[in-house]
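Read in order, the letters of the sequence shown correspond to residues 1 to 250 in the UniProt record's numbering. Positions of the beta carbon are idealized from the N, C-alpha and C atoms, including for glycine.
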Amino acid sequence: MRIMIVKNYNEMSYQAAQLIADQIIYKKNSVLGLATGSTPIGMYKELIRKFQKGELDFSQVVTFNLDEYYGLSIEHPQSYGFFMWNILFRHINLKRENVHLLNGVTKNIDNECRQYEDLIQKNGGIDLQILGIGDNGHIGFNEPDISFDTQTHLVNLTTKTIRANSRFFNNTQEVPKQAITMGIGTIMRAKKIILLANGKRKTKAIERTINSPITTKVPATVLQLHKEVTIIIDKAASSLLASDGNIFFN
Ligand code: F6R
């Protein structure tokens with residue numbers, strides 16, 4: 001694991017966008033795995049800025065989003081599909097056919113999940129996967145105790161996640177109770193992974209991800225087994241980490 005501790009959210013966003021830019025410059029038709037939530041918003045803004053300055057071309061880039069609430073269509077303002085179009089896709093020159101989102105209102109979940117996995121494979125696998133992390137250590141919507149070999153699947157969200165995500169809805173009741181998510185197995189097949197976290201709220205989850213024995217109780221600990229993981233965190237999220245040889249300060 002490569003761990004970068006940076007001074008604040010802006011620096012985290014900048015560094016992450018720079019790694020994505022490097023990936024796209026190295027391979028024009030890179031396959032990116034993308035996350036939603038508050039954490040990557042600054043990184044997406046930075047990617048848009050790079051595109052507008054003519055530094056980045058997304059015309060051959062392929063994307064797969066990590067997850068979607070079950071029961072929300074892409075027209076729903078809180079759906080992750082809606083979020084992605086609003087925050088990133090409509091501002092850059094990605095081709096519509098290269099954007100892959102899970103359909104939250106599918107009538108056939110098994111089929112949806114299988115097709116998503118097949119499409120990832122057909123595109124040569126994910127080159128670079130972006131992840132945020134839940135307070136409970138979830139990655140994607142893989143909540144504690146989900147087995148590490150899962151593929152794209154339907155999950156029940158924990159009360160903790162529902163409560164955490166209710167900040168985007170009018171109230172907790174409105175938050176969907178299930179989601180479709182890439183599995184841990186899907187995520188672990190990505191060639192490279194970047195995990196982002198900022199703020200005090202993520203301190204415990206980050207400390208466990210890096211220092212705790214690998215356990216399904218903290219899904220992100222599985223990343224210790226991946227060969228190409230970069231964790232970029234701000235000072236606040238790193239406050240429980242002891243400085244050692246593994247840790248870079250930017
Ligand atoms: C989002 C996702 C989730 C979030 C996590 C953190 O696509 O898969 O794992 O990354 O819940 O959310 P924020 O960034 O809102 O704190």
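Boundaries of the beta strand (DSSP E) in which residue i is found, first to last residue
{"i": "K192", "result": "K192 to A197"}
{"i": "T161", "result": "It is not in any beta strand (DSSP E) - T161 instead sits in the alpha helix (DSSP H) that spans T159 to N165."}
{"i": "Q115", "result": "Careful: Q115 lies outside any beta strand (DSSP E), inside the alpha helix (DSSP H) at I109 to K122."}
{"i": "R2", "result": "R2 to V6"}
{"i": "A179", "result": "Q178 to T181"}
{"i": "Q224", "result": "No beta strand (DSSP E) holds Q224; DSSP gives it neither H nor E."}
{"i": "D145", "result": "First-last for D145: undefined, no H or E at that position."}
{"i": "L128", "result": "L128 to L131"}
{"i": "F64", "result": "V62 to N65"}
{"i": "L19", "result": "First-last for L19: Y9 to Y26, but that is the alpha helix (DSSP H), not the beta strand (DSSP E)."}
{"i": "K156", "result": "In the sequence on display, residue 156 carries Asn and not Lys. Run containing N156: H153 to N156, per the beta strand (DSSP E) assignment."}
Residue i classed as buried or exposed, judged by whether at least 16 other C-beta atoms fall within 10 angstroms
{"i": "E68", "result": "buried"}
{"i": "G245", "result": "The predicted model places G245 with a pLDDT of 45, which falls under 50 and marks its position as unreliable, so this point remains unresolved."}
{"i": "A242", "result": "exposed"}
{"i": "N142", "result": "buried"}
{"i": "N250", "result": "Legend: pLDDT at N250 = 44, less than 50; position of this residue unreliable, value from coordinates given subsequently. N250 comes out exposed."}
{"i": "P40", "result": "buried"}
{"i": "L240", "result": "exposed"}
{"i": "I25", "result": "exposed"}
{"i": "T159", "result": "exposed"}
{"i": "Q129", "result": "buried"}
{"i": "N29", "result": "exposed"}
{"i": "K50", "result": "buried"}
{"i": "G54", "result": "exposed"}
N- and C-terminal bounds of the alpha helix (DSSP H) containing residue i
{"i": "T186", "result": "I184 to M188"}
{"i": "N98", "result": "It is not in any alpha helix (DSSP H) - N98 carries neither H nor E in the DSSP assignment."}
{"i": "L34", "result": "No alpha helix (DSSP H) holds L34; the beta strand (DSSP E) holding it covers V31 to L34."}
{"i": "A236", "result": "Element bounds for A236: n/a, residue is neither H nor E."}
{"i": "L47", "result": "I41 to Q52"}
{"i": "F83", "result": "Y80 to I87"}
{"i": "R208", "result": "T203 to N211"}
is_contact[residue i, chain C] using C-beta, thresh 8 Å
{"i": "K45", "result": "Of the chains in the structure shown, none is chain C; there is only one protein chain."}
ask   = Pick out every residue whose C-beta is nearer than 5 Å to a heavy atom of the ligand F6R: which are they, in chain order?
value = Going along the chain, the residues that qualify are A35, T36, G37, S38, T39, L66, D67, G132, G134 and G140.
### Three-pair Cβ contact test at 8 Å for the region 163 to 183 versus the region 203 to 221
Counting Cβ pairs under 8 Å, fewer than three are found: no touch.
* Contact between the region 225 to 236 and the region 187 to 203: three or more CB pairs below 8 Å? -> Three or more pairs of CB atoms, one per stretch, sit closer than 8 Å, so the region 225 to 236 contacts the region 187 to 203.
*asked:* So, does the region 103 to 116 touch the region 3 to 16, judging by three or more C-beta pairs under 8 Å?
replied: The region 103 to 116 vs the region 3 to 16: no contact.
Original post:
Hey, is the region 215 to 235 in contact with the region 174 to 192, meaning 3+ C-beta pairs nearer than 8 Å?
Top reply: The region 215 to 235, when compared against the region 174 to 192, does touch it at the 8 Å Cβ threshold.
Counting Cβ pairs, one atom from each stretch, are 3 or more of them under 8 Å apart for the region 71 to 81 and the region 96 to 111? Because the criterion of three Cβ pairs below 8 Å is met, the region 71 to 81 and the region 96 to 111 touch.
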